[in-house]
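Written below as structure tokens is the structure these notes are about.
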Ligand SMILES: Nc1ncnc2c1ncn2[C@@H]1O[C@H](COP(=O)(O)OP(=O)(O)OP(=O)(O)O)[C@@H](O)[C@H]1O
Ligand SMILES: Nc1ncnc2c1ncn2[C@@H]1O[C@H](COP(=O)(O)OP(=O)(O)OP(=O)(O)O)[C@@H](O)[C@H]1O
Ligand SMILES: [Mg+2]
Ligand SMILES: [Mg+2]
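As structure tokens, then:
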């Protein structure tokens, strides 16, 4: 169980997350919804303590006491994170990137040498799971956008985590693949009792897979409940509750400012 | 009008696009659908000649004869491109990135100095259009994923193009924003008679906005027609027609390879 | 340091490339090995400072110094001179003051207000002696003329020849060699004064060597008469010298109002 | 087992790659060890014996003797002017050269090779020779110093600039091309903003190097603080030597801090 | 107009930023111009006058005279061994130093400042003085040469390594941290793969520099090709000088090509 106690996050003067307290229960599949800039990524990064907190406290069952270095490392090893921007090392192969998920299990010295055959096979199997076995030895910068995102997912699978945090894991995927990948993550979580927090943009997928939905808007939790409690109206409110978008509706035409077309 | 004559693209030994011939008509809003790795990005990059072709030829009305340097530059200035990975300069502000879209209109020497007030206002207005006016002077690496994508869109708007090529322009946006942004692009195209080729993952959005849908699978065009011609079955086929995904369905559980959990 | 080393380390200064010097002095090496019954290692270095320091710390046994360098080194270390090159029956040599023929300088007094080139600050014949000759005529650097250090004897002659300096000072034997080689044209450069004789470059040894060994070394050098050994030194033989002989050099310091113990 | 069979080509390929890397590493290690052995680096006795001398020599440098500081002011100013002038010229000349000598911006592979070669050539001429040549050409003083520093610096500065350009993130460059920028605009607006801070690093490093390179300049008659340093060294005033070294270090640190402040302000 | 009013704060901020940049540029330009003026770079007469001397001096270098080539073989081998040894030591020592002296990997700002300071200190000691100190310590020969090269190189190599580390893409580093890697693992598996090629560039540049660093070698009696060069220069055999320069250039180009081949193979 992950307990957030009054946590908040600031970037400079921007408050990205207003104080919030809630619990993430074990083997629960939680979906985060919210408009662009609402603070979804920030929220997720708090759960494995990757963001410095402005205030508040985070408790994780199994980790009592303070967050000293070693405890943090173990927590993060047990908490797989799928990033919105993939965060891969572009000049390494897909497999090398996936095997990075295994490093936390070994001593520093051991990781200077190639990992065991069993672990390499695990890495290959994770790539196969996301449909990328044939690209295992390609450099990541030779992969398409969606393929890169799937490598990021395979890296987390290789980590064999107790909790999965996923930041728009299917944003660059086509709907069929998106559904399959999400299904895969969901099944793994259910079978192994892994809890997951996944930010999504597709309300239909959120309702299909989520045990619980948390709605964020402008850094505040504006909805927290079960999928069937989320009404059409609330969805609309979730995405409307922003300061900037009032401009959108007006007109699609650009103002007629005279601009020289040729130098 | 853009005419593709038998063009094909190879990366090393991978054939990313098999020979294809088709026309992109003026003021047509074309949507590209296809699974991850199908060749959508590659196809789009051919339309403004950013990818070296393995074979074939591209004709654009208004550009007769060969593609010498200056002609290419003008073609590209008139063809705005929204990239899947945003392709922004991270250490510059959003506005600076947007104004890059204006450079093609000026001589090299002129662009060594700040652009005119009118153009700077145009840039700000484009940012306002995508709901990011307040972030105009933020460095791009301080923006959220969706905000970065919108900066990329504003850059193209600032370019005042005759054709827009967009590679998953709404992948990292929430559905409401996605719809608004797409609506914005669509309205601009319709009002100004701009033709657009947009790759999307959301079939519903494709059907809502597209005048024409092109379906790609494994580098081949497998569908080309009007939205209402695209049946459920065909959509399914589009995303099923891949070699690698046969693995997905089987089981969500990872094989039981023994792997040491602690070093 | 070892008072009776099994290998004597002998340092030479280059006036030609290192390999040539070692080859040319092979005869000296053989001669010393036979006479002293010890192995002899020849070392060629370009820098007095490293020679002095090596000698002080017992890394060298014999070395061939410039007179001023010797005086400087002697203050800080336990070394003694024992032999100097004998040419035309004398163990002394002279320095010359030269001038560019078109500079209008005919005697020392004419140098007032002109540019004067010297070699190295720690050089006897390309700095100390010529400077003292000027001082005798009440010409002082900075006050009555401008001094420039150009690094080496040949550079002094060259700067005078090409007119960057109107006058300069250097060793007479070196000047004569330069003229002989044709590098310096007599129609461009003339000698305006020759110094009184000063003691030649001394061969010095560590004072903490075994007294018998010291005696053997001394006699070995004084008894050299093999032309093959003497040829590289352009000498008829070696004459005995003692520390007292170098008092003239020390006196120059006082003439130039330099405290040589602090110099 | 069929699963293993499916994975084995990948495992084999990786093992192969690892073995190849290993062979390269071993060869490198052997070459390096051979060179070290040749140079006597494994002669532990000699190394340990040398230690006391090292300590005593360094001891002689303390305490630093700043008594002569007044006579260092002008040479310091000279050196400052020479190093700033030389570096500025080098940087200005290097920018176009770097563009021509970077694989990703050079208009043609031939141009690339020619300019890389030119830069290699410039670097292989020692500063000393540059100094002698320019003293012979324009006489004594700061001028030959500046010219020698500038010419010698170009070889290194342009090479480093070119390497920064080659390591640039290609994505924004592509965006610039796609929006119809001319090649020059792509370079100035797509590449330079990305490499600016690295170029500034290189320029500042080179300035620092040139400030210290005045030793060489001092040797050929261009004056400067380096000449004072060599002078004190020659007459064995080690306490003065250490004092001058401290002054040089202080100057370099000062200007370094100033320029990093400047960079923060303008960015 | 309300629209203009809405935009004007942004335009004002940009104008301000531009003006600030402009002021900095102008100040820089004035300083540089002042330095150039001080150094006599605007003395066109002197520059043009010097040109013929330059041409004649360079003319004296042609044709290169390779007659002595046999006597250069051993010095070349010596130089190769010494430069490889010195560079290898410097690189090995520099890697941990760089990690401690890079803002983003240093365990504490204090450690960062201490190690940056140490590197600055190492760089400000001229090779000449390093040479003398090591000769006093271990006597003449290749050993003091290698030591002097190594120590002097560390200051530059570690600084450049540290700067590469600072310019690393933070995203994969974050991913490594997030998967529970220890700090050392983050550095080795998240940062090193990204900076490896830049580090190789620096190491090769420094090797090349050390290959050419003739002063130290000559001073410590370790010989080497640079010493031959200075020797020929001193006796004014300019045709030999140019021949040796060509040999050095050829060697450097050769090893450069070899190492870039090596890098391509292992990557
Ligand atoms: N630079 C490259 N080098 C080698 N192969 C490449 C390169 N870029 C793309 N490919 C390959 O070409 C194929 C098509 O790639 P493309 O980027 O066009 O796919 P896509 O349809 O845009 O996919 P996505 O929806 O995942 O972005 C993929 O199999 C990809 O791995
Ligand atoms: N490093 C940063 N520095 C300053 N501001 C930041 C930084 N990262 C995020 N922000 C700001 O914090 C707010 C929340 O950002 P966050 O990345 O959490 O949004 P998000 O919900 O993930 O959006 P998206 O769906 O677009 O990815 C945004 O307004 C963003 O501009
Ligand atoms: Mg986000
Ligand atoms: Mg794509």
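Residue numbers (my numbering), protein chains in the order written: chain A, 251 to 513; chain W, 251 to 513; chain Z, 235 to 497; chain G, 39 to 305; chain L, 39 to 305. Backbone N, C-alpha and C define an ideal beta-carbon position, used for all residues, glycine too.
Per-residue contacts from residue 386(A) into chain G (C-beta, under 8 Å)
48
Status (buried if at least 16 other CB within 10 Å, exposed otherwise) for residue 379(A)
buried
Mind pulling the chain A residues with CB within less than 9 Å of residue 423(W)?
285, 286, 421, 451
Residue 267(Z) and residue 274(Z) closer than 9 Å at C-beta
yes
Rounded separation between residue 226(G) and residue 151(G) - CA only
22 Å
Straight-line gap, residue 422(Z) to residue 335(Z) (C-alpha atoms, nearest Å):
5 Å
Applying a beta-carbon distance threshold of less than 7 Å, which residues of chain A neighbour residue 396(W)?
286, 287
Short-range partners of chain L found in the segment 433-458 of chain W, where Cβ spacing is below 9 Å:
none
Residue 370(A) CB to nearest chain G CB: under 9 Å?
yes
Go ahead and label residue 452(A) buried or exposed: buried means 16 or more other beta carbons lie within 10 angstroms of its beta carbon, across all protein chains shown.
buried
Note down, in chain order, every chain A residue with its Cβ under 8 Å from the Cβ of residue 52(G).
345, 364, 370, 387
Is DSSP giving residue 212(W) helix, strand or coil here?
Lying before the first or after the last residue shown, residue 212(W) is absent from chain W, which here runs from 251 to 513.
I think residue 384(Z) touches residue 333(Z), with their Cβ atoms under 8 Å apart; what is that distance to the nearest whole Å?
Not really, about 16 Å apart at Cβ, beyond 8 Å.
Residues of the segment 70-85 of chain G with Cβ closer than 8 Å to any Cβ of chain L, in chain order:
70, 72, 73, 74, 76, 77, 78, 79, 81, 84, 85
Same chain only: Cβ atoms within 6 Å of residue 370(A), ignoring 5 sequence neighbours per side
none
Residues in its own chain within less than 8 Å of residue 310(W) by CB, not counting five upstream and five downstream?
251, 252, 253, 325
Out of 200(G), 216(G), 203(G), which has the shortest C-alpha to C-alpha gap to residue 417(W)?
216(G)
Is there at least one Cβ from chain L nearer than 9 Å to residue 367(W)'s Cβ?
yes
Does the CB of residue 300(G) have a neighbour CB from chain L at under 9 Å?
yes
Buried versus exposed call for residue 245(G) [16 or more other C-beta atoms within 10 Å across all chains shown]
buried
Check whether the Cβ of residue 598(A) lies closer than 9 Å to any Cβ atom in chain W.
Look at the range of chain A in this structure, 251 to 513, and you will see that residue 598(A) is not part of it.
Which of the residues in the segment 253-275 of chain A, read from start to end, lie with their CB under 8 Å from any CB of chain W?
261
Taking contact to mean at least 3 C-beta pairs separated by less than 8 Å, is the segment 356-371 of chain A in contact with the segment 231-250 of chain L?
no
Check each candidate in 377(A), 349(A), 314(A), 271(A) and name the one with the smallest Cα separation from residue 364(A).
349(A)
Mind checking if residue 492(W) is an interface residue toward chain G, Cβ cutoff 9 Å exclusive?
Only weak support is given to the placement of residue 492(W): the predicted model assigns it a pLDDT of 47, under 50, and the question is left unresolved by the model.
Following a CB-centred definition, is residue 299(A) positioned closer than 8 Å to any heavy atom of ligand 2?
no
Does at least one heavy atom of ligand 4 sit under 8 Å from the Cβ of residue 418(A)?
no
What is the rounded straight-line gap between the Cα of residue 460(A) and the Cα of residue 274(A)?
13 Å
Any heavy atom of ligand 3 closer than 8 Å to the Cβ of residue 334(A)?
yes
Would you mind stating whether residue 390(Z) and residue 352(Z) have Cβ atoms separated by less than 9 Å?
yes
With a threshold of 9 Å between beta-carbons, can residue 280(L) be considered close to chain A, or not?
no
If residue 256(Z) and residue 289(Z) are in contact, beta carbons under 8 Å, what's the gap, nearest whole angstrom?
Not confirmed; about 20 Å, so no contact.
Cβ shell of residue 160(L) (< 6 Å), same chain only, five flanking positions each side left out:
192, 193
Those residues which DSSP pairs with residue 264(W) across a bridge:
261(W)
Counting Cβ pairs closer than 8 Å, one from the segment 166-177 of chain L and one from the segment 299-306 of chain A, do we hit at least three?
no
Between residue 472(Z) and residue 371(Z), is the Cβ-Cβ spacing less than 9 Å?
no
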